[in-house]
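Asker:
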Ligand code: EPZ
């Protein structure tokens, strides 16, 4: 298993280009199931999760042509099967996103039940309830979800009791081909949901209200092909900004979307960073200073993103002062703090809150990555720690960060991959 070895203590300084957003690319790839026409998707990030989704579509019988610039042409005119197997779903929960499109277009789908994962139990009950409200019958056998409908799904008003990104995406995709109007209430407002909606609209879907908590979809009989470019990754952007801030450095990130990161940028300013931004770039300068501790509480968009929580926890670990970090979206997403304490951080967990007393420095140590964003926070801790940090189980990081060691090397970090 590959590891990352980091010698900390260098200030990050330089510029980078941000990759396409994983969490937008995954539902957009699933959306290609909704049409028999050719769909071209550009700006896919080169990540393990994307490869898994491509493998899943291939296993359903789609024709896929990937070029070296990470554009893909997908032809879903015929499917050879309707089953998303356990082997793929267990490696990537986002596989559940093929359920809505398949049942909407083909009237049937069988998808392995995604289990829990390191960050919590992560049920999919709201995806299933929504499809049932649209007329699908759902049954479960041998760990698989079977969804079926005679004819077309029916439009429905669906009030989701919790804001769910994947649930909103699955139901929005299903509703594009339903008979009549679907109204999704308490819908997720995340930029990735909006990007998916824009792609569906480019395929002819009738959607309005995306980006608000009420999304209205007027179903039509067929969607057509399109050529769509995936939005930049706001979490990758935020991660490099925090990494630069934690090291007292500066960074210019190009090809990104700062307007999707308002709360994160405000918190970085509160930590003492100077932020400048344009339409598609953002820069941060800490002018060699140690960051001030900043308290955060995660919430669905436009609140503070849970996917940025671990990185801010790492920055707070070496900041001046004390901060609290409260996780409200997932039940078990503060696990990385135990590894950070092994590096000399002072973090106490009380319920869903981490109380962090900033230390003047951390010491390198062998540590273990437990999930994607937790791994990113260990990289940040490693970048500021004295001595060497070796991070094990970095397959988690390869799911969501494209060539992280190369990008950090560009910024002057001493980081290398140890392949085994
Ligand atoms: C998406 O996961 C992202 N993944 C996650 O990113 C992100 O952390 C999360 O949204 C929240 O922003 C992708 O987009 C592929 P949810 P998703 O449904 O859709 C509960 C990363 O690091 N819930 O919004 O699975 C659920 O348990 C990843 O890139 C139900 O109770 O998240 C959680 O507590 C990790 N029933 C909350 O809602 C349901 O049917 C939000 O989950 C669905 C969800």
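In the working numbering, the protein residues as written are 14 to 433.
Using N, Cα and C, we set each Cβ at its ideal position, and we do this for glycine too.
Source: prediction; values computed, not measured.
For residue 195, does the three-state DSSP call read helix, strand or coil?
Answerer: Residue 195: strand per DSSP, three-state reduction.
Asker: Would you say residue 208 touches ligand 1, meaning its beta carbon is less than 6 Å from a heavy atom?
Answerer: The answer is no for residue 208.
Asker: Could you give the distance in angstroms between the alpha-carbon of residue 384 and the alpha-carbon of residue 377?
Answerer: Residue 384 and residue 377: Cα-Cα distance of roughly 20 Å.
Asker: Scan the stretch 336-362 and note each continuous alpha helix (DSSP H) run of 4 residues or more that stays entirely inside, going in chain order.
Answerer: Listed in chain order, the complete alpha helix (DSSP H) runs (minimum 4 residues) inside the stretch 336-362 are 349-355.
Asker: Hey, is the stretch 307-314 in contact with the stretch 328-341, meaning 3+ C-beta pairs nearer than 8 Å?
Answerer: With the cut-off at 8 Å, the stretch 307-314 and the stretch 328-341 touch.
Asker: Are three or more beta carbon pairs between the stretch 338-349 and the stretch 228-239 nearer than 8 Å?
Answerer: Flag = no, the stretch 338-349 and the stretch 228-239 do not touch.
Asker: Using the Cβ count rule (16 or more neighbours within 10 Å means buried), how would you classify residue 356?
Answerer: When all chains shown are included, residue 356 counts as buried.
Asker: In the DSSP assignment, find the unbroken beta strand (DSSP E) run with residue 239 in it and report its ends.
Answerer: Taken as a continuous stretch (DSSP letters only), the beta strand (DSSP E) holding residue 239 covers 239-242.
Asker: Which of the three DSSP states, helix, strand or coil, is assigned to residue 119?
Answerer: Note: residue 119 maps to helix in three-state DSSP.
Asker: Can you list, in chain order, the residues of its chain whose CB lies under 6 Å from that of residue 411, leaving out five sequence neighbours each side?
Answerer: So the qualifying residues of the chain are 61.
Asker: If I measure Cβ to Cβ from residue 105 and keep anything under 6 Å in the same chain, skipping five residues before and after, which residues do I get?
Answerer: Excluding sequence neighbours, residue 105 sits near 62, 65.
Asker: What's the C-alpha gap between residue 290 and residue 324?
Answerer: Cα to Cα, the separation comes out at about 21 Å.
Asker: For the alpha helix (DSSP H) that residue 68 lies in, which residues bound it at each end?
Answerer: Run containing residue 68: 61-72, per the alpha helix (DSSP H) assignment.
Asker: Assuming contact is defined by CB atoms lying nearer than 7 Å, are residue 230 and residue 195 in contact in what I supplied?
Answerer: A contact, by the Cβ cut-off of 7 Å.
Asker: Taking the alpha carbon of residue 358 as the point to measure from, which residue in 333, 365, 339 has its own alpha carbon closest?
Answerer: Of the listed residues, the one whose Cα sits closest to residue 358 is 333.
Asker: Round the Cβ separation of residue 157 and residue 125 to the nearest angstrom and send it over; I've been treating them as touching at under 8 Å.
Answerer: Between residue 125 and residue 157 the Cβ distance is about 5 Å, and since that is below 8 Å, they are a contact.
Asker: Is it buried or exposed, residue 82, if we count other Cβ atoms within 10 angstroms and call 16 or more buried?
Answerer: Residue 82 is exposed by the Cβ-count criterion.
Asker: Got a sec: does ligand 1 put a non-hydrogen atom nearer than 6 Å to the Cβ of residue 361?
Answerer: No, the beta carbon of residue 361 sits no closer than 6 Å to any heavy atom of ligand 1.
Asker: Quick check on DSSP: helix, strand or coil for residue 381?
Answerer: Residue state, collapsed to three classes: strand.
Asker: How many Å lie between residue 349 and residue 281 at the Cα?
Answerer: Distance between the alpha carbons of residue 349 and residue 281 is about 21 Å.
Asker: Going by DSSP, what residues sit across from residue 172 in a beta bridge?
Answerer: In DSSP, residue 172 forms a bridge with 198.
Asker: By the 10 Å Cβ neighbour count, where 16 or more other Cβ atoms means buried, how is residue 155 classified, buried or exposed?
Answerer: Label assigned to residue 155: exposed.
Asker: For residue 418, does the count of other Cβ atoms within 10 angstroms reach 16, so buried, or fall short, so exposed?
Answerer: Residue 418 comes out buried.
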